[in-house]
Amino acid sequence: MILLFSTTLLLFKRDRFAIISHSILLSIIFYNIRFISGVTNYTSLGKYAYLPRSSMQPEKKYSEENTNYKVRNIKRNIYEVKAPFDKEHAIEYFSSCLKASCKTFEPREIPEGEILTLTKQVATLGPATNNAESIKSLFDAGVDVFRLNFSHDSRLSKYLVSKTIRQLEVTEPPQNYPFNEKFVIEHKSILGDIQGPKLRIGKFMPNLDVPGVLPGSKGCEFVELKAGDLFTFDAYDVLGSKSRVQLDFPEILKELKVGDKILLDDGNLSMTVVSTNPEEPSVTAEVKNDYKLSSRKGFSVPNVVLPIEFLDEKDVKDAIFCLGIGVDFLGVSFVQNKSDILYLINILNDFYTSDYYQQLKERLDNLDVEVFDANREDTIVEDILSRYYNQSYLPKKDIFKTVLPKENLSGVGIIPKIEKQAALDDIHEILKVSDGLMVARGDLGIETDLANLPIVQKRLIQLCRVVYRKPCIVATQMLETMRSSPTPTRAEVSDVSNAVFDGADAVMLSAESATGHYPKASVNVQRRVLFTTEMDPYFPTMQIIKEMLIDENLISSIKSQRPHLYKKMDNLLNIDIHHYNEYLKSKSHLKKCLDDVADIFAYNDVDVIGIHCDDGLEFLQWISSQRYMIPIVVVTSNPTLSRHSQLTWGVKSHFLPRGADPLEFFKYVVKQYPIPIKDAVYLQSRDNKIESYQVLKLE
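So in full-length UniProt numbering, spot 377 of the sequence shown is number 377, and the numbers just go up one at a time.
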């Protein structure tokens, strides 16, 4: 009654007395409500303890009792309530009160057993995970895409691992399986990652008196350099010393100029070029920091387009071998421009349509995996690859570099790894001809200023998701500590979460799952971080804001309300809008589908999107880019679509059993999900277009 009286007084009289009276009365009411709610259940618990007070609550004198909880900096922000005296129960009491009063910071409860995440996980396989048991453990932990790193081990070892993955996709159906099928197929993607033109220095002369190191071992091959030393790189095939080492790339030595910065061993050693000799060729550089430089370490020149072959013989053979073993995506290292991607597509098209491809497939199919040594190459396989390289690739090499391919006939998705400044300079053209993108932060952090790396990551993810609607993988040192520790650092956990907040489709584990001691634990930890991030209400808010950054109406609003801020933002936002509008000219049918789906969601509150389609990967990617925060359950009889969609955020693809009704299969599948699903929208799609839709009650 008091509140009603004061409100009425305020509305009708609107004088100073009414306003003051209303404020005082509200303060009293809110204080008593909060005080009562905080004390009622604890009146018999004993001594005094303290809780945060709001600005409407009067400051109370800090009791000298219970000095364990006295913190000088918060005295003015506490008030006195009845609470347990002993520390153990007091902490529990404080926690319960904080949960009740501050839901924003309440810890997210992670359910036991299976959890559903929408961000995808990529795991690199290696010595720690190259057998069926360990790969199965990663299956169960929630890995969506398996990466095969062709920088290490034999090609046959990669074939054996890929075959194991395909075998593990097929399982027996559960009890009471309602469909007439002997097997259930759960597809996973395989990403073959070719090495690319990684520059390395030569070997050093062994040191014979290194304590604790056997003479002649690799641990003896190093030199100790000091800041200020002069060091020379030349093309001579001679073991290195404290003053020089071989760099077997004479074309690079000719291009380097005085003042160029050289980084070695992942940026740990820095040098600056002080003189050049193009005729020899050689360059001399000044050492900038003390360092022990070992044989075969990486060599890079940031911000310089180097005149080297994009693909060497090993890379070409690895790429066409990936076609033979049936990878779904091909990761391409050290891409510098759009032409590199088109060049690779021409090579893949040529091999895929040749007899060499059939010969390779037949040989691999006939290999007895129980007998062959995975650490050695098969002579017949190597002969096929060599004959293609010498008889087909080399004669057509210049043509491959100039001809514009009409399409990628091989069907393998091309994922350029952005590791060089030159690639950033041509990023829009690269994205137009690629099937996604990997933010490869290892070499990118060397090629560009390390301080720029977080900004570059956010920009690349934004372009992929909002402008070009293609999947983006964030990679390198996501949980690096877990190579040797069962728990990650706080910074690593934040890094994974921030990549998801940025809008990444997938996060990738490298050494953590390939050579680390805790591969399954790394996947589980990362999945828990994905889950809590996706469940945070702030996450969809951020995704909606990112979508709005290509809205011209928003730009106009910023211009009128924050003119000074607009001047700083104008160029960047208008570049994105320009490229988006240009890209839409060839994707108008997909934009229409996107608008149709948006209209459906405007009038229907559903828990899942169901899509029956046998084509239309782009359609799935465009829907995914909207981040509806619910699973996109795809029912398909196309294994290629099923596997390729594993990299797309939110898409859960299920292979349709023979003879099964797609709608009934969809209803069965979603009942198995570890989340309550009551309502769904179910789309029929073909050729990237919606044919029909219906809203379903699934209770």
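Idealized CB from N, CA, C, for every residue including glycine.
In terms of Cβ geometry, Ile347 and Ala319 form a close pair [threshold 8 Å]. In the same chain as Leu293, and ignoring 5 residues on each side of it, the C-beta atoms closer than 7 Å to its own belong to Phe222, Val223, Leu225, Leu264, Asp265 and Leu269, in chain order. In the three-state DSSP reduction, Thr119 falls in the coil class, being neither helix nor strand. In the structure shown, Pro173 adopts coil according to DSSP, grouped into three states. Lys397 and Tyr389 have their C-alpha atoms roughly 10 Å apart. Ser692 has Gln684 as its beta-bridge partners, per DSSP. For Lys667, the enclosing alpha helix (DSSP H) begins and ends at Pro662 to Lys671. Counting C-beta pairs closer than 8 Å gives three or more between the stretch 273-286 and the stretch 250-259, which meets the contact rule.
Of all C-beta pairs linking the stretch 420-440 to the stretch 464-472, three or more are shorter than 8 Å, placing the two stretches in contact.
Secondary structure at Gln246: strand, using DSSP grouped into helix, strand and coil. By the Cβ criterion, the stretch 528-545 is in contact with the stretch 112-123, since at least three pairs of Cβ atoms, one from each stretch, lie closer than 8 Å.
If you ignore the 5 residues before and after Arg562, its C-beta comes within less than 8 Å of no other C-beta in its own chain. Secondary structure of Asp679 (DSSP, three-state): strand.
Counting of Cβ neighbours within 10 angstroms places Leu394 among the exposed residues, the total staying below 16. Secondary structure at Asn581: helix, using DSSP grouped into helix, strand and coil.
By DSSP's assignment, Leu342 forms no beta bridge with any residue. Boundaries for Met535: no beta strand (DSSP E) harbours it, while the alpha helix (DSSP H) harbouring it runs Pro519 to Met535, taken from the DSSP string. In the DSSP annotation of this structure, the continuous segment of the beta strand (DSSP E) that includes Arg147 starts and ends at Val145 to Asn149. In the structure shown, Tyr603 falls within a helical segment according to DSSP collapsed to helix, strand and coil. Per DSSP, reduced to three states, the secondary structure at Leu554 is helical. One alpha carbon belongs to Lys417, the other to Lys198, and they sit about 13 Å apart. Just so you know, the alpha carbons of Asp290 and Arg363 end up roughly 52 Å apart. The C-beta of Arg296 has fewer than 16 other C-beta atoms within 10 Å across all chains shown, which makes the residue exposed.
Counting only residues of its own chain and dropping the five nearest sequence neighbours on each side, Gly442 has a CB closer than 6 Å to the CB of Thr476. Contact check for Phe501 against Thr533 passes: the beta carbons are separated by less than 8 Å. Gly126 and Gly616 have their C-alpha atoms some 33 Å from each other. Runs of alpha helix (DSSP H) with 4 or more residues, each lying fully within the stretch 382-437, are found at 394-402, 421-425 and 427-432, listed in chain order. DSSP, read as helix, strand or coil, puts Ala128 in helix. At a Cβ-Cβ threshold of 8 Å, Ile677 and Val608 count as neighbours.
If you draw a 10 Å sphere on the C-beta of Met508, you find 16 or more other C-beta atoms in it, and that means buried.
The beta carbons of Asp328 and Gly196 sit no closer together than 8 Å. The beta-bridge partner set that DSSP reports for Ser294 consists of Phe222. With respect to Ser653, Thr636 sits close: the two C-beta atoms are nearer than 8 Å.
Gly142 sits in coil when the DSSP states are folded into three classes, being neither helix nor strand.
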